[in-house]
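Here is the structure we will look at.
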Amino acid sequence: MTEATDLASRAGDRDPRVGLRAVAALRRLLEQLEAVQVRSARVQGWSWQEIAAELGVSRQAVHKKHGRN
64 MTEATDLASR AGDRDPRVGL RAVAALRRLL EQLEAVQVRS ARVQGWSWQE
114 IAAELGVSRQ AVHKKHGRN
């Protein structure tokens, strides 16, 4: 998680260009981590409703985003 820590630090940089680039990179990393965890949950037999509850979104939203993975 060194990359995430470094990005989080850079997200608070006084230079908006540095900060915004770090925010964008964190967003990409977060999306990747979410996809990995959703796949893991599905492999372990979790329902879309269970996954959605943990992510704080609707079942429809999580299925639309990850249903074809």
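For the sequence shown, our numbering assigns the number 64 to the initial residue and increments by one for each residue that follows.
Even for Gly, the Cβ is constructed at its ideal location relative to N, Cα and C.
Because the structure is a prediction, the values reported are computed rather than measured.
Where L83 falls, given that 16 or more other Cβ within 10 Å makes a residue buried: exposed
Does the distance from the CB of W111 to the CB of H126 come in under 8 Å? Cβ distance < 8 Å, so W111 and H126 count as in contact.
Alpha-carbon to alpha-carbon, K128 and R90: 15 Å
From this set, E117, A98, L118, which residue's C-alpha is nearest R131's C-alpha? A98
Consider the Cβ of H126: report whether some Cβ of chain D lies at a distance smaller than 8 Å. You won't find chain D in this structure, because it holds only one protein chain.
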